[in-house]
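K.L.:
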Amino acid sequence: MRLFAPSILRSVLGCLPAVVLMASACGGGGGDGGPTPPPPVAPTITLSASTIDLNGLTATAPLSASVTPPSAAVAWRSENTATATVSGSGTAATVTAVAAGTTTVVAAVTLGSQTAEARVTVRVLPVVRSLAVSPAAPQITVGQTRRLIVTPTADAGADTRVQWTTSDAARATVDTTGLVTAITPGSATITVRSIAVPTVTASVAVTLLDIPRVRAVVLAPSVDSAEISATRAYTATVTADSGVTRTLTWRSSSPSIATVSASGVATAISAGSTSISARSTVDSTIFGTATFLVRAPAVSAVSMSTDSLDVPIRVTTTLLATPRDAAGQPLVGRTVTWQSSAPTIASVSSTGVVRMLLPGTVTITATAEGRTGTTRVRGSVANLSTIVDSIRQATGLPAMGGMIVSREGIVAQGVGGFRRIGGAQPVTINDKWHLGSNTKAITGMLAGMAVDAGALTWDRTVEQTFPDLAATMRAEYRPVTLRELLSHVGGLTNSLQGLTASTNLPAARTAWMNTTFQAAPNGPRGQYYYSNSSFGAAGAIIERAWNSTYENLISTKLLQPLGVTGAGWGPTTGVGGIDQPVGHQRVNNAWVVCEACDNAPGLSSAGTLHAPLAAWARIMQELLLADQGRSTVLTQSSARLLTTNAVPIGGGASYGLGWVVSSSTPGSRSVVHDGSNTINHSRAVLFLDAGVTFLITINAADLAGGLTTAALNAMQLRLNSYWTQGR
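Under the numbering used here, the first residue of the sequence shown is numbered 341, with each subsequent residue one higher.
1) Is the shortest distance between the beta-carbon of Ile727 and the beta-carbons of chain C less than 8 Å?
2) Short of 7 Å in beta carbon distance, which residues of its chain neighbour Val987, apart from the five on each side in sequence? Order them along the chain.
3) Is Ala602 helix, strand or coil by DSSP?
4) For Tyr868, name the three-state secondary structure that DSSP assigns.
5) Using the C-alpha atoms, what's the distance from Leu1059 back to Ala1051?
6) By the 10 Å Cβ neighbour count, where 16 or more other Cβ atoms means buried, how is Gln961 classified, buried or exposed?
7) Go ahead and label Tyr1062 buried or exposed: buried means 16 or more other beta carbons lie within 10 angstroms of its beta carbon, across all protein chains shown.
8) Sort Ile750, Gly757, Arg718 and Asn862 by Cα distance to Ser648 and report the nearest one.
9) Pull up the distance between the alpha-carbon of Ala1024 and that of Met785, whole angstroms please.
10) In chain order, what residues of the same chain lie with their CB nearer than 7 Å to the CB of Ser681, ignoring the 5 residues before and after it?
11) Would you decide whether Thr912 is buried or exposed? Buried here means 16 or more other CB atoms lie within 10 Å of its CB.
12) Cutting at 7 Å between CB atoms, please list the residues of its own chain near Ile761, excluding the five before and the five after it.
13) With burial defined as no fewer than 16 other Cβ atoms inside 10 Å of the residue's Cβ, what is the status of Leu451: buried or exposed?
14) Under DSSP, the alpha helix (DSSP H) around Glu891 begins and ends at which residues?
15) In whole angstroms, what is the alpha-carbon distance linking Gly367 and Gly441?
16) As an exercise, report each continuous beta strand (DSSP E) stretch of at least 3 residues that is fully enclosed by the stretch 537–612, in chain order.
17) Apply the 10 Å Cβ neighbour rule to Leu588 and answer buried if 16 or more other Cβ atoms are within range, or exposed otherwise.
18) In the DSSP assignment, the alpha helix (DSSP H) including Lys897 goes from what residue to what residue?
19) Look up Leu387 in the DSSP assignment and give the residues it is bridged to.
20) Which residues in the same chain have their Cβ closer than 8 Å to the Cβ of Pro864, if we skip the five residues on either side of it in sequence?
21) Taking Pro552 as the reference, which of Thr524, Pro561 and Ala576 has the closest Cα?
22) What does a CB cutoff of less than 7 Å around Leu893 pick up in its chain, not counting 5 residues either side in sequence?
23) Taking Asp792 and Leu964 to be in contact with their CB atoms under 8 Å, please state how far apart those CB atoms are, rounded to whole angstroms.
24) Given Gly371, which residues of its chain have a CB within under 7 Å of its CB, disregarding the five upstream and five downstream residues?
25) Grouping DSSP H, G and I as helix and E and B as strand, with all else coil, what is Pro1082?
26) Are the CB atoms of Ala752 and Leu724 nearer to each other than 8 Å?
27) When you compare the stretch 1012–1021 with the stretch 937–955, are there three or more beta-carbon pairs, one atom per stretch, that lie closer than 8 Å?
28) What separation, rounded to the nearest whole angstrom, lies between the Cα atoms of Ala1070 and Trp590?
29) With three or more C-beta pairs closer than 8 Å as the rule, is the stretch 425–435 touching the stretch 395–414?
30) On a Cα-Cα basis, can you pick out the residue from Ile616, Ser1010, Val578 and His1021 that is closest to Ser565?
31) Of all the beta strand (DSSP E) runs that stay within the bounds of the stretch 938–982, which reach a length of 3 or more residues?
32) Return the first residue and the last residue of the beta strand (DSSP E) that Trp852 is part of.
33) Distance, Cα to Cα, Glu816 vs Ala880?
34) Looking at the structure shown, is Phe875 part of a helix, part of a strand, or coil, going by DSSP?
35) Should Thr1048 be labelled buried (16 or more other beta-carbon atoms within 10 Å of its own) or exposed?
36) In angstroms with no decimal places, state the Cα-to-Cα distance between Glu803 and Pro819.
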């Protein structure tokens, strides 16, 4: 490479001696003798390469020049453009091969004559001129393959190896040999490229065909219905590619409801719904469906197993309802719903099980598809005689009776035994039983009625009621109130002294009270002490307030309004009587008849009432109703006062007004009273919240030995079992 021209070099060297010997010999200076300016600097140029090899036609190579000063312009030229050309802008240029051979690329500084040169050699190798692919527009079915053939046009000795590529490998792939595999329907471009430089390419569009198949199966009608035994023909429309088999397999999802033949004819078997399907035998995933509804004949009527029925209260029974078609034939598989016209009296389950809860009559209705059938169910009083007599026999009693009573009436009843021990006359459900001290609870009701009527107050005192006895009355008794007398907290003795057998009962009670009010108290006022005299005094207060005998008031104010008959006072039968139960005492472990025995008649308000079980039941039913505010003779406030805790008596119990109030079952109000005239024994238990009472009677008493008490307890348990469980 030449850096400087010879003429310039000689000029510079020729000036050196002059510069040494005389500053102005080779250049002008100022006339004033100042310093002489330096001579101009000659430009210089160098190239980034002195030799360039280009392999192949149109091959290129970059070339750059470095000049001083940098602002100097550069001009580029090839001395043999038939071999290679050069193009540049400023100091950068590109050399391009044209043909095999050599040439010199020259870069010259335009200001001055400085140049720089690079030797260019172009070598031309054998090349691939073009590629052709066949077939030109291939079609390949999904899942199949086809090999593409490439034909190169190339110079002798050229490298004809190629590479294959696909535009969408998700649709079609191609291997190194040109084997194309169809993946999914659509199209893809397959390209082949030569390895030799310069590279050439060729492409073909491949059509990817779907596999011939059944496209859809449609059944008509899509929904159909028929009654049992009818047939329906289905039509199947098959959409499929040309040449694909269109045969179908028919099926019913529920053959018990309907079957279908190989030609698509469905036969109704039983009521319900099934799916009819037709499936391609070529591709089981392609099928059509239709819904087939099988109707049973419509319900025309509902027949009941009985039109009317008596069911013992607390007992269950099952009714049968049969839906029938217009021809009267029974229909199976139909839904039947049940309803009671009064569910509080009789309930009915979803399967027709009727449970009689309370006395009354209800209509039980069975409904199927809008058609109904009915049965009138009447609650009948359950017969407890077997239960009663089993307890009587187990305890060796002469006779016994038991009854369950709700606010609605008698639920169950039964009697067993004989009116006299060893006798031949059995007791009947209508016989009269001595209630003994259970009369006290009824006296409490009568007192409440007098208070409700305004004839009395609960705070009416002994002194206010018996002014005729005031002169001889002890001071302790003067302030004692009616409420205290009915609670046994007035201090009165339990003695019957002074009580005569006079038939003038008010006079007999007055004489009894005269003796009692002069006797020393049993204890301090306010302390519980059981006293018949207290209820004798209460009866006298009631009859004086209402200006009638106690016995008449019980009849006119209570029994008659309630429709009670058969009640009376004293023994249930006379000496030698066999028409009613007679009382018995326990003597030397044996029962002994006590002929026409009872307390003196004047003791009525404390305990001489007798009545049939039904009469006693009606009185207790009214007390249950009064507790709910539904009585016609006694207010709710008075009824609840009678059965509310008043004074403790021990054992977790207390005494109300004529009732022992039990607190053994928290949250459940109950009262009880045992009554006995020592030859009869009875018990009343009221469950106020449940609205039910148990009544038990025995025509005998063994208070000392506890035999009759044990029988009462056993019977109470059996009555409770029947009430709660119906057995």
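Beta carbons: idealized from backbone N, C-alpha and C, even for Gly. As the structure is a computational prediction, the values presented were derived from the model and not from experiment.
P.N.:
Result, derived from the coordinates:
1) The displayed structure is made up of one protein chain only, and chain C is not part of it.
2) The residue you call residue 987 lines up with position 647 of the sequence shown. The answer, listed in chain order, is Ser827, Val829, Tyr868, Ser994 and Tyr995.
3) Mapped onto the sequence shown, residue 602 falls at position 262. In the structure shown, Ala602 sits in coil (DSSP, three-state: anything other than H, G, I, E or B).
4) Working through the sequence shown from its first residue, we reach residue 868 at position 528. Reduced to three states, the DSSP call for Tyr868 is coil.
5) Here residue 1051 is taken as the residue at index 711 of the sequence shown, counted from 1. Here residue 1059 is taken as the residue at index 719 of the sequence shown, counted from 1. Those two C-alpha atoms are separated by around 12 Å.
6) In the sequence shown, the residue the question calls residue 961 occupies position 621. Per the 10 Å Cβ criterion, buried.
7) Position 722 of the sequence shown, counted from the first residue, corresponds to residue 1062. Under this definition Tyr1062 is a buried residue.
8) Looking up residue 648 in the sequence shown gives position 308. Minimum Cα distance to Ser648 is reached at Arg718.
9) Residue mapping note: residue 1024 aligns to position 684 of the sequence shown, counting from 1. Residue mapping note: residue 785 aligns to position 445 of the sequence shown, counting from 1. Rounded to whole angstroms, Ala1024 to Met785 spans 14 Å at the Cα level.
10) Within the sequence shown, residue 681 is the residue found at index 341, counting from 1. These residues qualify, in order along the chain: Val702 and Thr703.
11) Here residue 912 is taken as the residue at index 572 of the sequence shown, counted from 1. Burial call: buried.
12) Numbered from its first residue, the sequence shown carries residue 761 at position 421. Same-chain partners within the cutoff: Pro738, His924, Trp931 and Val933.
13) To locate residue 451, count along the sequence shown from 1; it is residue 111. Result: exposed.
14) By 1-based counting over the sequence shown, the position of residue 891 is 551. Tyr890 to Leu893 is the span of the alpha helix (DSSP H), which, as asked, contains Glu891.
15) Locating residue 367 in the sequence shown gives position 27, counting from the first residue. Locating residue 441 in the sequence shown gives position 101, counting from the first residue. In this predicted model, Gly367 has a pLDDT of only 39, less than 50, meaning its place in the structure is not dependable enough to derive any value.
16) 541–549, 554–560, 563–567, 571–573, 575–580, 588–592, 598–600 and 605–608
17) Position 248 of the sequence shown, counted from the first residue, corresponds to residue 588. Answer is buried; the Cβ neighbour count reaches 16.
18) As a first step, residue 897 is located in the sequence shown; it is residue number 557 there, counting from the start. Element bounds for Lys897: n/a, residue is neither H nor E.
19) Residue 387 sits at position 47 when you count from the first residue of the sequence shown. Leu387 pairs with Ala405.
20) Position 524 of the sequence shown, counted from the start, is the residue given in the question as residue 864. Excluding positions up to five away in sequence, the list reads Gly831.
21) Along the sequence shown, read from residue 1 onward, the residue named residue 552 stands at position 212. The option with the nearest alpha carbon to Pro552 is Thr524.
22) Within the sequence shown, the letter at position 553 stands for residue 893. If we look at Leu893 and ignore the five residues flanking it on each side, its Cβ neighbours are Leu786, Ile882, Glu883 and Trp886.
23) Start at 1 with the first residue of the sequence shown, and residue 792 comes out as number 452. Start at 1 with the first residue of the sequence shown, and residue 964 comes out as number 624. Not really, about 17 Å apart at Cβ, beyond 8 Å.
24) Mapped onto the sequence shown, residue 371 falls at position 31. Because Gly371 sits at a pLDDT of 44, beneath the cut-off of 50, its placement in the model cannot be relied upon, and the point is left open.
25) Here the chain comprises residues numbered 341 to 1067, so residue 1082 is not present and cannot be evaluated.
26) Position 412 of the sequence shown holds residue 752. Position 384 of the sequence shown holds residue 724. Their beta carbons are under 8 Å apart, which means Ala752 touches Leu724 by this criterion.
27) yes
28) In the structure as shown, the chain starts at 341 and stops at 1067, and residue 1070 therefore has no counterpart that could be examined.
29) yes
30) Numbered from its first residue, the sequence shown carries residue 565 at position 225. Comparing Cα-Cα distances from Ser565 to each of Ile616, Ser1010, Val578 and His1021, the minimum goes to Ile616.
31) 949–952
32) Start at 1 with the first residue of the sequence shown, and residue 852 comes out as number 512. Per DSSP, Trp852 belongs to no beta strand (DSSP E); it is in the alpha helix (DSSP H), Leu845 to Gln858.
33) Your numbering for residue 816 matches position 476 in the sequence shown. Your numbering for residue 880 matches position 540 in the sequence shown. C-alpha separation (whole angstroms): 19 Å.
34) Position 535 of the sequence shown, counted from the start, is the residue given in the question as residue 875. The answer is helix: DSSP assigns Phe875 an H, G or I state.
35) Here residue 1048 refers to the residue found at position 708 when the sequence shown is read from its first residue. It is buried - the Cβ of Thr1048 has at least 16 other Cβ atoms within 10 Å.
36) If you number the sequence shown from 1, residue 803 lands on position 463. If you number the sequence shown from 1, residue 819 lands on position 479. Rounded to whole angstroms, Glu803 to Pro819 spans 7 Å at the Cα level.
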